[in-house]
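Inspection log for the structure reproduced underneath, given as structure tokens.
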Amino acid sequence: MEELHSLDPRRQELLEARFMGGMTNNECSNQSYGSLGSSSDKESEVSFLTWCSYRINGINVHGCLNRLLSDNITGFQEQILKMLYLFSLQTDLTGLKLAALESNKNLDLEKKEGRIDDLLRANCDLRRQIDEQQKLLEKYKERLNKCITMSKKLLIEKSTQEKQACREKSMQDRLRLGHFTTVRHGASFTEQWTDGFAFQNLVKQQEWINQQREEIEKQRKLLAKRKPPSSSNSQAPTTNSEPKQRKTKAVNGAENDPFLKPNLPQLTLAEYHEQEEIYKLRLGHLKKEEAEIQAELERLERVRNLHIRELKRINNEDSSQFKDHPTLNERYLLLHLLGRGGFSEVYKAFDLIEQRYAAVKIHQLNKNWREEKKENYHKHACREYRIHKQLDHPRIVTLYDYFSLDTDTFCTVLEYCEGNDLDFYLKQHKLMSEKEARSIVMQIVNALRYLNEIKPPIIHYDLKPGNILLVDGTACGEIKITDFGLSKIMDDDSYGADGMDLTSQGAGTYWYLPPECFVVGKEPPKISNKVDVWSVGVIFFQCLYGRKVRIPTCSLT
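Residues 1 to 557 (the UniProt record's numbering) make up the sequence shown, in order.
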């Protein structure tokens, strides 16, 4: 019985069905043996189970039947065995198929189990590799954090040293170039500039040169009085000589006067020309010294402008709330202040993620402003960000990021350029050569062509030397255009055949705007990309001649 239950359930069900089928066909015969004792039933059941066990385990059924028939069996057992013998021939083939199916199934099962084992081992290997990589990643993250921490420490130390050096140099230049002093005027106090000893020495040298020039001029006048008469003048006296002779006699008549200035001794012609040549050389030398002093004065004025700019920058940096090297947005380490405007500060920063320098412009709104004004300012800054973010050109400063610090402070991250702007360069050097100016204008026009080829096109509207950065600080290098705060988008809704309406009339720098921007009427003036072309022409003129264009028809000039 235990062997029967250990069989495959499907095979057991098949055998039982076939056995019950044989019993149905011989129902009358089975009923005739219903009077047999319980011992015969048990024996027949044992014989049946034994045969089933043999059959299932692959033993030849015919041999089993022959062995069972040779034994002493009852009539019931014999009847059962005969019925089984009748369908045993039919079940042999089915059993082989079942065995083959079972074998194939076992093989498939073994393959699947092997595949599962392989996948489990691969999964374990992958998990182990993931754990190892995770540990390695954590190790690298820890190492990277240490590197970032060390970089921040070194950058802060370097920035602190540079700040200290700038302040020491500024204190030294205060004595040499000058400084601001607070002067009281009535109830108010104003700052007044006081020149340093370098300018005072130049002023003294200039005064000495002026004194020397005056002295030489006096001596030249006296020398002219002692100039000997030429031979032609003595042989051909003029009619005007009579009054002079009478005057000479009158003077000679008063020779005995003790208060009369004695006459200077007469010089020979050679002595006169000798003294005249000496005075001319001295005047020429003084003129040369004066030119050198003037050149030195202009150089000192340029240095003084830098000094004044640095003094203001240091003062603004000391009063800024971001002076202690904070890290904004967990990424940008502020190093030192570059400049300060009306409502913004520009810091040189270091991007700890991208490992590059950047210029962070911090916009701080006035807390006393009305909410409407704050919203308009923020909207204007967001508009500038959206316009600038989509621009990608080597002659335009790249905008990297935009984020908020609080409700009244937000920041824009721009590409950092080491040099100054064109306006500062022109203030220092007045003008430049035609080749340098042409190179700058070519780069500006290249950027403007890009702004007009993109869709939708963009008008910068605020092109001026202050918005053109010199990458190397010189006029012979690359330039980049910045500040798109007043830019106009020429989309299909606002731009027509005659241009677009100027909704911000009065904004911008009037020196570099065309006359049509100042037309006053019932309707706003129309503008196009020609506004930027006009600005480029004005910038080109200023680079060549060192002054701004003055238009007689424009009342603003």
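Even for Gly, the Cβ is constructed at its ideal location relative to N, Cα and C.
The model shown is predicted, which means the values in this text are computed figures rather than measured ones.
Asked                                                                                                                 : Found
Inter-stretch contact (C-beta, 8 angstroms, three-pair minimum) for the segment 279 to 290 and the segment 207 to 217 : yes
Three-state secondary structure (DSSP) of T182                                                                        : strand
Burial state of L222, where buried means 16 or more other Cβ atoms lie within 10 Å                                    : exposed
Other residues of its chain near R220: CB distance less than 7 angstroms, five sequence neighbours each side excluded : Y279
L399 - DSSP class collapsed to helix/strand/coil                                                                      : strand
When V413, A295, K374 are compared against K389, the one with the closest alpha-carbon                                : V413
N60, buried or exposed, once every other Cβ within 10 Å from all chains shown has been counted against 16             : Note that N60 scores 49 on pLDDT, short of 50, meaning its location in the model is unreliable; the coordinates nonetheless yield the value given after this. It is exposed - the Cβ of N60 has fewer than 16 other Cβ atoms within 10 Å.
Touch test, the segment 523 to 538 against the segment 418 to 433, Cβ-Cβ under 8 angstroms, three pairs minimum       : no
Rounded separation between I479 and F541 - CA only                                                                    : 17 angstroms
Heavy atom of the ligand ATP within 7 angstroms of Y425 beta-carbon                                                   : In the structure on display, the ligand ATP does not appear, and there are no ligands present to speak of.
Sequence-distant residues of its chain with Cβ nearer than 7 angstroms to L269 (five each side left out)              : P228
Proximity below 8 angstroms, CB of L177 to CB of E296                                                                 : no
Touch test, the segment 320 to 335 against the segment 400 to 417, Cβ-Cβ under 8 angstroms, three pairs minimum       : yes
CB of L431 within 8 angstroms of CB of L544, strictly                                                                 : yes
Check whether D421 and I468 have beta carbons under 8 angstroms apart                                                 : yes
N-terminal and C-terminal residue of the alpha helix (DSSP H) that Y425 is part of                                    : 422 to 429
Alpha carbon of L120 to alpha carbon of H363, nearest angstrom                                                        : 58 angstroms
Inter-stretch contact (C-beta, 8 angstroms, three-pair minimum) for the segment 435 to 455 and the segment 355 to 371 : no
H273 - DSSP class collapsed to helix/strand/coil                                                                      : helix
Assumed close pair I458, I387 - CB separation to whole angstroms, cut-off 8 angstroms                                 : 6 angstroms
Buried versus exposed, by CB contacts within 10 Å (16 or more), E45                                                   : The predicted model places E45 with a pLDDT of 48, which falls under 50 and marks its position as unreliable; any figure quoted below should be read in that light. The residue is exposed, with fewer than 16 neighbouring Cβ atoms inside 10 Å.
First through last residue of the beta strand (DSSP E) which encompasses C411                                         : 409 to 415
DSSP beta-bridge partners of I459                                                                                     : K488
DSSP-derived helix/strand/coil call for Q192                                                                          : strand
Host alpha helix (DSSP H) of I353 (start-end)                                                                         : Run containing I353: none; DSSP gives neither H nor E here.
Cβ shell of V549 (< 7 angstroms), same chain only, five flanking positions each side left out                         : V538, F541
Element boundaries [alpha helix (DSSP H), containing residue 563]                                                     : The chain is shown from 1 up to 557; residue 563 falls before or after that span and cannot be answered.
Local conformation of residue 558 per DSSP, three classes                                                             : Not covered by the structure: residue 558. The range shown for the chain is 1 to 557.
Where Y510 falls, given that 16 or more other Cβ within 10 Å makes a residue buried                                   : exposed
Euclidean distance between Cα positions of G419 and P465                                                              : 13 angstroms
Beta-carbon proximity list for G546, same chain, < 8 angstroms, skipping 5 on both sides                              : L426, K430, L431
Residue range of the unbroken beta strand (DSSP E) whose run includes H336                                            : 332 to 340
Nearest-angstrom beta carbon gap, L338 and L405 [assumed within contact, 8 angstroms]                                 : The pair is not a contact, with the Cβ atoms about 18 angstroms apart (cut-off 8 angstroms).
Outcome for S535 when other beta-carbon atoms lying within 10 angstroms are tallied against a minimum of 16           : buried
Inter-residue spacing [alpha-carbon to alpha-carbon] between K105 and N145                                            : 57 angstroms
Of the listed residues G342, P394, I308, nearest to Q172 (C-alpha basis)                                              : I308
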